[in-house]
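Presented below is the structure to which this report refers.
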Amino acid sequence: MPLGTTLNQYIRYYWQDGIELVTLMLDYYDMTANKEFLKTYLLPVANEIITFYDQHYQRDENGKLKIWPGQSLETYWDSVNPTPEIAGLGFILPKLYKLKTIDKNFKKLCQKLEKQLPEIPQRIVNGETVIGFAEIPGPKHNQENPELYTIFPYRLYGAEKPDLDYARKTFEHRIHRGTGGWYQTPIQAALLGLVSEAESMVVKNFTTKDDRYRFPAFWGPNYDWTPDQDHGSVSMIALQRMILQTDDGKILLFPAWPKDWNVEFKLHAPEQTIIQGSFINGQVENLIVTPNHRKKDVIIMTEHDSANQ
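With positions in the sequence shown counted from 1, the corresponding number in my numbering is that position plus 36.
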């Protein structure tokens with residue numbers, strides 16, 4: 037193998053986790069507005085990740101980035117233009133070059149690379165066009181849904197965003213329909229406003245335990261080990277996204293919340309915003325938004341499509 041390339045084919049070209057890290061850092065900065073974090077950590081790390089994608093790969097005959105050799109998560113090996121990479125870069129690049137303190141050269145690099153991104157791949161399922169796994173997926177070896185990375189962690193599709201039906205069809209036609217462990221499907225269902233799907237998966241996740249252990253939150257072993265921290269993390273993120281979603285300055289309340297579930301909550305949103313209140317017998321009560329001027333950005337979504345109840 038080439039110097040620096042692992043023998044483990046499940047992760048040999050699995051490098052999009054650098055994009056995931058930048059996504060997490062951007063979310064942290066959105067929440068905190070911590071300029072020292074932006075200067076010391078976010079921008080230096082992001083610069084290295086974007087530079088890697090710019091310099092490591094060739095361009096095709098149309099001048100578009102050709103991500104190969106590559107793989108679509110651990111599932112599709114020897115892929116060309118994996119969907120998670122394209123979606124991830126498409127998600128973080130505009131967020132980076134819109135930062136006010138970004139270096140001019142890095143801004144130009146981000147804008148250049150965005151223009152060179154290939155289109156998100158598609159596939160046809162039962163006569164319907166949905167998001168694909170990669171331009172050329174390659175052989176299949178695991179059981180992930182890489183096309184759903186366009187929904188989470190890279191939130192290109194979701195409630196109050198364009199092409200929601202397209203994303204929901206993609207979710208409907210996913211090959212792997214499980215939940216538990218590292219499966220992100222409960223989060224993706226919540227972000228798409230699919231109430232019944234999110235509800236059933238979250239309930240299943242939180243009520244599944246390893247009977248060998250006294251502590252009920254020692255979930256597992258699922259696909260790896262006990263305790264399974266992925267299982268708990270996915271479940272908590274999904275539950276919170278059923279209550280609150282934020283993107284593009286909007287604060288969506290109850291975008292995937294069952295009408296017959298009562299809840300009291302206190303959650304954080306971007307711009308150092310805190311949202312607290314309750315949902316009792318189908319009604320929003322005691323809603324407090326701090327700071328007060330962020331109230332104008334709140335969209336309450338308690339009326340869901342009946343097909344998703």
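C-beta atoms are modelled at their ideal positions from N, C-alpha and C, and glycine is treated no differently.
Continuous beta strand (DSSP E) stretch holding residue i: start and end
i    : result
R159 : 158-161
H304 : 299-305
E171 : 170-172
F315 : 309-316
E155 : Note, E155: premise wrong, no beta strand (DSSP E); not H, not E.
T326 : 319-326
R43  : One detail in the question is off: residue 43 reads as Leu in this sequence, not Arg. It is not in any beta strand (DSSP E) - L43 carries neither H nor E in the DSSP assignment.
T165 : 164-167
K286 : 286-289
I336 : 334-336
Residue i and residue j closer than 8 Å at C-beta
i    : j    : result
L135 : Y89  : no
H267 : G214 : no
A226 : A305 : no
I279 : R330 : no
Q308 : F301 : no
E121 : I103 : yes
L200 : L228 : yes
Q152 : L192 : no
I167 : I223 : no
I128 : L79  : no
A195 : Q281 : yes
Y259 : W218 : yes
Q382 : G124 : Residue 382 lies beyond the residue range present for the chain, which begins at 37 and ends at 345; the question has no answer from this structure.
S269 : V238 : no
E235 : P173 : no
T262 : F254 : yes
Segment limits, alpha helix (DSSP H) that includes residue i
i    : result
I103 : Neither: I103 is in no alpha helix (DSSP H) and is coded neither H nor E.
P120 : 119-133
D247 : Run containing D247: none; DSSP gives neither H nor E here.
T87  : 79-92
L60  : 53-68
I279 : 265-279
Contacting residues, own chain, Cβ-Cβ under 7 Å from residue i (five flanking each side not counted)
i    : result
Y49  : P105, G106, Q107
V334 : I287, L289, V325
Q94  : K102
C146 : I86, L129, L132, Y133
L303 : Q276, I279, L280, I311
L323 : G313
D96  : K102
T41  : R48
Beta-carbon contacts of residue i that lie in its chain and below 6 Å, excluding the five residues immediately before and after
i    : result
E171 : V116, N117, P157
Q179 : H212
K144 : none
D341 : Any reading at D341 needs caution, since the residue's pLDDT is 45, under 50, leaving its predicted position unreliable; the model's value is listed next. Closer than 6 Å at the Cβ level, and outside the excluded window around D341, lies no residue.
D283 : R191
V299 : F315
A82  : V58, L132
A74  : Checking the sequence shown, residue 74 turns out to be Leu, not Ala. Y65, listed in sequence order.
G54  : I85
Q319 : none
T186 : A123, I167, L192, Y193
Same chain only: Cβ atoms within 8 Å of residue i, ignoring 5 sequence neighbours per side
i    : result
F169 : S108, T111, Y112, S115, P118, T119, P157, R159, P182, E183
T68  : Q308
K131 : L62
H177 : Q45, Y46, E110, T111, Y112, W113
G126 : E150, L153, I156, Y190, L192
R210 : N181, E183, L184, T221
D296 : G318
Proximity test, Cβ basis, 8 Å: residue i and chain D
i   : result
T41 : Any reference to chain D falls outside this structure, which holds one protein chain only.
In chain order, what are the residue ranges of uninterrupted alpha helix (DSSP H) at least 4 long that sit wholly in the stretch 176-240?
The DSSP assignment places complete alpha helix (DSSP H) segments of no fewer than 4 residues inside the stretch 176-240 at 200-208, 221-227, in order along the chain.
Any chance the stretch 203-210 sits against the stretch 238-245, with 3 or more Cβ pairs inside 8 Å?
Touching, no.
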